[in-house]
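As structure tokens, the structure follows; a few thoughts come after it.
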Amino acid sequence: MSKSYEGDGLQFQYPTSWTLEREENENGWGITIQSPGTAFVLIVCDQDMPDSEELADATLQALKNDYPGLEFDPVIEDLCGQPSVGHNIQFFSLDLGNSCKTRCVYSQEGTILILSQVSDLEIEKYGPAMQALSSSLKIDDE
Numbered sequence: 029m030s031k032s033y034e035g036d037g038l039q040f041q042y043p044t045s046w047t048l049e050r051e052e053n054e055n056g057w058g059i060t061i062q063s064p065g066t067a068f069v070l071i072v073c074d075q076d077m078p079d080s081e082e083l084a085d086a087t088l089q090a091l092k093n094d095y096p097g098l099e100f101d102p103v104i105e106d107l108c109g110q111p112s113v114g115h116n117i118q119f120f121s122l123d124l125g126n127s128c129k130t131r132c133v134y135s136q137e138g139t140i141l142i143l144s145q146v147s148d149l150e151i152e153k154y155g156p157a158m159q160a161l162s163s164s165l166k167i168d169d170e
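29 is the number of the first residue of the sequence shown in this note's numbering; add one for each residue after it.
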């Protein structure tokens with residue numbers, strides 16, 4: 029079974045065992061979808077409409093500051109019918125390997141950042157749910 033989220037120009041499905049929290053911030057809003065473990069997906073809207081590549085690069089730089097040894101590959105891929113930019117990132121935290129993906133796209137609400145993160149210990153358990161959430165994501169273009 030899954031829950032649905034519809035609002036802020038977005039629609040997506042997420043597992044019933046996961047929690048969703050939405051918060052307003054100074055430039056828009058953020059939604060955190062948290063697994064029962066440590067895996068999570070963060071969706072942030074910056075209503076100032078920064079360039080998607082700049083937002084992806086700024087996010088990568090913030091992660092580099094926290095995890096200096098991280099490795100990454102730049103990515104351009106289709107997301108919600110439009111090109112998204114971001115990075116596939118690998119880093120260690122507390123001696124655990126972690127996988128992180130960032131993708132940035134435009135919406136009517138603003139520039140959207142989607143960041144998903146899961147430890148290597150939980151990737152088999154939560155990875156498919158994270159992929160399903162990403163695949164179910166729709167961004168209204170009106």
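Using N, Cα and C, we set each Cβ at its ideal position, and we do this for glycine too. Since the structure is predicted, the reported quantities are computational estimates derived from the model, not experimental observations.
Residue i versus residue j - alpha carbon distance
{"i": "glutamate 34", "j": "glycine 97", "result": "37 angstroms"}
{"i": "lysine 129", "j": "lysine 166", "result": "18 angstroms"}
{"i": "asparagine 93", "j": "threonine 87", "result": "10 angstroms"}
{"i": "phenylalanine 40", "j": "aspartate 123", "result": "33 angstroms"}
{"i": "proline 78", "j": "phenylalanine 100", "result": "22 angstroms"}
{"i": "alanine 90", "j": "valine 72", "result": "15 angstroms"}
{"i": "leucine 26", "j": "valine 133", "result": "No statement about residue 26 is possible, as the shown extent of the chain runs from 29 to 170 and does not include it."}
{"i": "tyrosine 95", "j": "glutamine 118", "result": "10 angstroms"}
{"i": "alanine 84", "j": "glutamate 105", "result": "13 angstroms"}
{"i": "glutamate 52", "j": "isoleucine 140", "result": "14 angstroms"}
{"i": "serine 112", "j": "arginine 131", "result": "6 angstroms"}
{"i": "leucine 161", "j": "arginine 50", "result": "16 angstroms"}
{"i": "glutamine 18", "j": "asparagine 55", "result": "Outside the displayed range of the chain (29 to 170) lies residue 18, so it cannot be described from this structure."}
Test item: CB-CB of residue i and residue j under 7 angstroms
{"i": "alanine 67", "j": "glutamate 152", "result": "no"}
{"i": "glutamine 75", "j": "glycine 114", "result": "no"}
{"i": "serine 30", "j": "proline 43", "result": "yes"}
{"i": "isoleucine 59", "j": "tryptophan 46", "result": "no"}
{"i": "serine 63", "j": "tyrosine 154", "result": "yes"}
Rounded Cβ spacing between residue i and residue j (contact assumed at less than 8 angstroms)
{"i": "asparagine 116", "j": "glutamine 145", "result": "With a Cβ gap of about 12 angstroms, asparagine 116 and glutamine 145 do not count as contacting."}
{"i": "leucine 143", "j": "leucine 48", "result": "Not a contact, Cβ separation roughly 15 angstroms."}
{"i": "glycine 37", "j": "aspartate 168", "result": "4 angstroms"}
Where residue i sits in the DSSP three-state scheme
{"i": "glutamate 152", "result": "helix"}
{"i": "leucine 83", "result": "helix"}
{"i": "leucine 88", "result": "helix"}
{"i": "aspartate 74", "result": "strand"}
{"i": "glutamine 159", "result": "helix"}
{"i": "aspartate 101", "result": "strand"}
{"i": "serine 164", "result": "helix"}
{"i": "aspartate 36", "result": "coil"}
{"i": "asparagine 53", "result": "strand"}
{"i": "aspartate 123", "result": "coil"}
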